[in-house]
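Structure record follows, encoded as C-alpha cells.
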Amino acid sequence: MLEISSFFRCYVVCQLIFFSLSLSGQSTLSIRGQQFYLNDEPFPFTGISFFNAIYNPEFSQDQEQRLAWMDKFKAYGINVFRIWAQWDNERGFADACSSCSLYTPDGTLRTEHLNSLKKIIAAADEKDIVIELSLFSHESLPAYEAMGPQNVDKAVATLTNELKPHRNLIFQIWNEHSDRVLDILAIIKNIDPARIVTNSPGFAGVLGDPKQNNALDYLSPHTSRQNVDRHWEVAPREIGYLLHRYRKPVVDDEPARNGTRNFGGPKSRTAPFDQITQILEIWKLGAYVNYHHDMFQLGRDGISTPPSGIPDPEFSPYHLTVFQFLAEKERYMN
Numbered sequence: 176m177l178e179i180s181s182f183f184r185c186y187v188v189c190q191l192i193f194f195s196l197s198l199s200g201q202s203t204l205s206i207r208g209q210q211f212y213l214n215d216e217p218f219p220f221t222g223i224s225f226f227n228a229i230y231n232p233e234f235s236q237d238q239e240q241r242l243a244w245m246d247k248f249k250a251y252g253i254n255v256f257r258i259w260a261q262w263d264n265e266r267g268f269a270d271a272c273s274s275c276s277l278y279t280p281d282g283t284l285r286t287e288h289l290n291s292l293k294k295i296i297a298a299a300d301e302k303d304i305v306i307e308l309s310l311f312s313h314e315s316l317p318a319y320e321a322m323g324p325q326n327v328d329k330a331v332a333t334l335t336n337e338l339k340p341h342r343n344l345i346f347q348i349w350n351e352h353s354d355r356v357l358d359i360l361a362i363i364k365n366i367d368p369a370r371i372v373t374n375s376p377g378f379a380g381v382l383g384d385p386k387q388n389n390a391l392d393y394l395s396p397h398t399s400r401q402n403v404d405r406h407w408e409v410a411p412r413e414i415g416y417l418l419h420r421y422r423k424p425v426v427d428d429e430p431a432r433n434g435t436r437n438f439g440g441p442k443s444r445t446a447p448f449d450q451i452t453q454i455l456e457i458w459k460l461g462a463y464v465n466y467h468h469d470m471f472q473l474g475r476d477g478i479s480t481p482p483s484g485i486p487d488p489e490f491s492p493y494h495l496t497v498f499q500f501l502a503e504k505e506r507y508m509n
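In our numbering, each number is its position in the sequence shown, counted from 1, plus 175.
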C-alpha cells in the first residue's frame, strides 16, 4: 500500500509540474535540418533590425505599449526582433548612451537593462515572437576590448545563466566581427547546451570562416550591399552557397537598406523593390531574412527616425511598401 501511495504522490507531482509548464505557455525555438521550428511547428523567421529596443523608453518600460507594438509588427509579418546588448557606441544612433549596455567594464550585468530585456523577451513569448540578441558589436569594440577576455567571459556566463529559462531567444555572438567566437560559443553551450547560437562574422559580403560556420547552429551573415550594384542578385547567390555547403539554416541578417550613405548605406538611389526582390529570392532558396533600415541611424531628431524611436512599419511610404510585402509571404510562397 505504501508503494502505491508513493507512486501516486510522485505521479501527481509530475502532473502538476507538467500542468504548470503548460500554463506558462513558453515558446521554444528549435532547428531541424535547414528550418526553424517554434513549438514544433515550422517558423517563418522574418525579422527586423530593432537594435535599440532595450534602451527605447516607450518600448522597454511600458508593457501596454510594448504589446501594442508587437501586435503591429506581427500584422506586417515580423516575428523576430534583432536586438543589441551593446548600444553604447558614439555614432549618434537613436537612444544610444554611454551606459546603454548590458555589461559594465568588470563584466557584471546592469540590472536595470537586464530586467528590461527580460520583460521584452517575456512579452515576445506571449506573441510567438523570437528575440535574436547580438551580444557584442564592432561599433562598441573599444568597450569590449576594455573589458578584457576574463570579464567578457564572466559577462557571457552570467547572461547565459540569467536568460536560460527563455527559449524564444537566440544568441548572436557578434554584429560584424569574429573575435573569440569559438571561445564564447563554448561558454554558452557549456551552461545552456540547447541555446541556439549564431554569429554575424563581418561587414557586408563576409560570409564567415569554416570553423565558426561549422560550429554555429545557423548562419547569419551580412550579405553584399550596394557596393556590388545589383545586390538583389549577388546576395541570394551568397546565401545559396552557404545553404549548400553547411546544410543548416541561413538568415540574410542585415542586408542592403535605404537611407543615409553613412554606416554602410547606399551611395546611389534605392527603391523598395530592391529589398523586395532580394527578399523574394532569399525565400525561394528556403532561407530567411531580417529587414534592415535607417530608422535609428540619424538619431532621435533625424528625418528618417520615427518620433517614438521604434522602427514603425508605417512611418514612411518606402518602408510601408516592404512591410506590406512581408505581410503577404504566404501569398507569394504557397
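Glycine included, each C-beta is placed from N, C-alpha and C at the ideal position.
On the premise that residue j lies in contact with residue i, defined as a C-beta separation below 8 Å, what is that separation, rounded to the nearest angstrom?
i, j, result
"Glu456", "Trp407", "7 Å"
"Gln514", "Pro411", "Outside the displayed range of the chain (176 to 509) lies residue 514, so it cannot be described from this structure."
"Val327", "Val255", "Contact doesn't hold; Cβ gap of about 25 Å is too wide."
"Leu344", "Leu308", "6 Å"
"Ser315", "Asn389", "Not a contact, Cβ separation roughly 27 Å."
"Val464", "Val426", "7 Å"
"Gln209", "Arg422", "7 Å"
How should residue i be labelled, buried or exposed, when 16 other C-beta atoms within 10 angstroms of its C-beta is the threshold for buried?
i, result
"Ser291", "buried"
"Met322", "buried"
"Tyr416", "exposed"
"Cys272", "exposed"
"Thr203", "exposed"
"Phe448", "exposed"
"Pro430", "buried"
"Tyr507", "exposed"
"Leu310", "buried"
"Glu351", "buried"
"Gln325", "exposed"
Pick helix, strand or coil for residue i, following the three-state DSSP scheme.
i, result
"Ser199", "With a pLDDT of only 48 at Ser199, under the threshold of 50, the placement of this residue in the model should not be trusted, and no figure is reported."
"Asp303", "coil"
"Ile457", "helix"
"Asp427", "strand"
"Arg207", "strand"
"Ile478", "coil"
"Asn389", "helix"
"Gln347", "strand"
"Ser312", "strand"
"Ser523", "It is not possible to answer for residue 523, since the shown part of the chain is limited to 176 through 509."
"Asn336", "helix"
"Val187", "Residue placement at Val187 is poorly supported in this model, since its pLDDT is 42, which falls under 50; the coordinates still yield a value, given next. In the structure shown, Val187 sits in a helix (DSSP, three-state: H, G or I)."
"Ile371", "strand"
"Leu394", "strand"
"Asn402", "helix"
"Leu284", "strand"
Item checked: Cβ pair count under 8 Å reaching 3, the region 228 to 240 against the region 366 to 377 -> Using a Cβ-Cβ distance cut-off of 8 Å, the region 228 to 240 and the region 366 to 377 are not in contact, since fewer than three pairs of beta carbons, one from each stretch, lie closer than that value.
Check: What are the complete alpha helix (DSSP H) segments, minimum 4 residues, inside the region 215 to 265?
Finding: The region 215 to 265 contains these whole alpha helix (DSSP H) runs: 232 to 236, 238 to 250.
Next item on the list: Take every Cβ of the region 398 to 406, pair it with every Cβ of the region 363 to 372, and state whether three or more of those distances are shorter than 8 Å.
Entry: Taking 8 Å as the limit for Cβ pairs, the verdict is that the region 363 to 372 does not touch the region 398 to 406.
Next item on the list: Decide yes or no for the touch test of the region 227 to 235 against the region 492 to 500: beta carbon pairs closer than 8 Å, at least 3 of them.
Entry: When C-beta atoms of the region 227 to 235 are compared with those of the region 492 to 500, fewer than three pairs fall below 8 Å, so the two segments do not count as touching.
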